[in-house]
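Residue numbers (our numbering): 452 to 802. To keep things clear, I will list the structure first and then write my remarks on it.
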């Protein structure tokens with residue numbers, strides 16, 4: 452469905468090391484396509500991708516990072532609207548032969564994300580909690596009201612609730628219809644000049660166990676296990692420096708197991724991923740996010756979460772078990788395109 456998150460991509464200097472790390476705290480498998488790009492899978496279904504940061508990207512200051520993709524009814528029209536409303540088209544609309552079409556955008560405040568339309572099946576995240584999938588999407592920006600307006604015009608996202616954190620700080624939760632997708636907030640003064648970016652949350656069975664496994668495997672804990680209404684979260688950095696978060700639901704909340712195997716449509720889509728990677732081969736942002744600054748940002752995010760918890764915000768999730776919570780929803784059941792070196796084109800977008 453238009454506006455749903457449908458794919459995630461990790462860029463890292465050590466793909467093999469990242470694969471070993473994430474396997475220790477998730478049930479993810481992998482499907483390798485070539486020496487530079489690999490698909491993350493859950494129950495045989497591709498859910499995300501991983502590619503190597505080149506030496507050139509690293510010299511430009513491109514950090515290890517996760518980037519999301521959002522489903523679009525019409526990639527060309529969405530890209531055109533993005534450009535005409537203050538955003539940038541970093542990787543222009545391109546075909547995935549026999550499978551779909553994609554592009555990479557930069558919002559007016561500077562955060563990057565991809566868009567994708569499948570010619571095989573329409574889907575994206577349906578809102579059903581699934582352990583191992585992504586459950587929340589958080590945007591740190593410089594003007595969350597303008598950002599929400601921009602994304603709303605592109606994807607139909609709406610503010611579902613807003614929390615006053617005090618001192619003029621606000622946290623806005625957004626979604627579409629009865630589905631909650633994530634939250635947005637403005638960069639805090641103590642975060643310095645860290646660029647706007649997205650932080651993804653992975654749904655796990657037990658945050659405490661996930662954090663223990665992650666730290667044993669070399670992760671940095673930016674925010675230790677913290678209870679929030681309806682569940683628990685923690686914010687981490689993988690051994691290569693990419694920030695991510697883990698989230699679980701309170702006892703009794705409904706979740707389902709990962710799918711047993713991929714559908715034929717998903718497999719067909721996965722076969723075309725290599726061509727997407729080659730099309731986006733020259734992209735990369737100049738934005739340098741130094742590890743020290745990223746950690747400061749993660750700590751600030753955790754403080755925001757803590758304040759939200761203290762104010763006992765009521766989330767709008769339709770399930771009775773999650774009405775008190777800002778429950779994190781899982782990601783899409785279908786694959787989307789890979790933009791293997793999307794950073795270089797992003798650098799052009801920053802100029």
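Glycine included, C-beta positions come from ideal geometry on N, C-alpha and C. Since we're looking at a predicted model, the values are computed, not measured.
- The beta carbon of residue 489 is closer than 8 Å to those of 466, 470, 481, 482, 483, 500, 501, 502 in its chain, skipping five residues each way along the sequence.
- For the beta strand (DSSP E) assignment, the uninterrupted runs of no fewer than 3 residues enclosed by the stretch 634-707 are, from N- to C-terminal side, 648-654, 671-679, 682-688, 694-700.
- With a threshold of 16 other beta carbon atoms within 10 Å, residue 663 falls short and is exposed.
- Assignment of beta-bridge partners to residue 503 by DSSP yields 463.
- Of all C-beta pairs linking the stretch 647-656 to the stretch 579-597, three or more are shorter than 8 Å, placing the two stretches in contact.
- About 5 Å separates the CB atoms of residue 698 and residue 652; that is less than 8 Å, so the two are in contact.
- Membership of residue 603 in any beta strand (DSSP E) is not indicated; the residue belongs instead to the alpha helix (DSSP H) covering 595-606.
- DSSP places residue 562 outside both helix and strand once states are collapsed to three, so it counts as coil.
- In summary, residue 558 is buried, with 16 or more beta-carbon neighbours lying within 10 Å of its beta-carbon over all protein chains present.
- With respect to the C-alpha of residue 477, the residue from 531, 674, 658 having the closest C-alpha is 658.
- Linking residue 603 to residue 533 through their CA atoms gives a straight-line distance of about 11 Å.
- Residue 621 places its beta carbon less than 8 Å from that of residue 613.
- Inclusion of residue 551 and residue 581 in the CB contact set at 8 Å is not warranted, their separation being larger than that value.
- In the structure shown, residue 624 adopts extended strand secondary structure according to DSSP, grouped into three states.
- Assigned with DSSP and collapsed to three states, residue 484 falls in coil, not helix or strand.
- A residue is called buried when at least 16 other Cβ atoms come within 10 angstroms of its Cβ; residue 688 meets this threshold and is buried.
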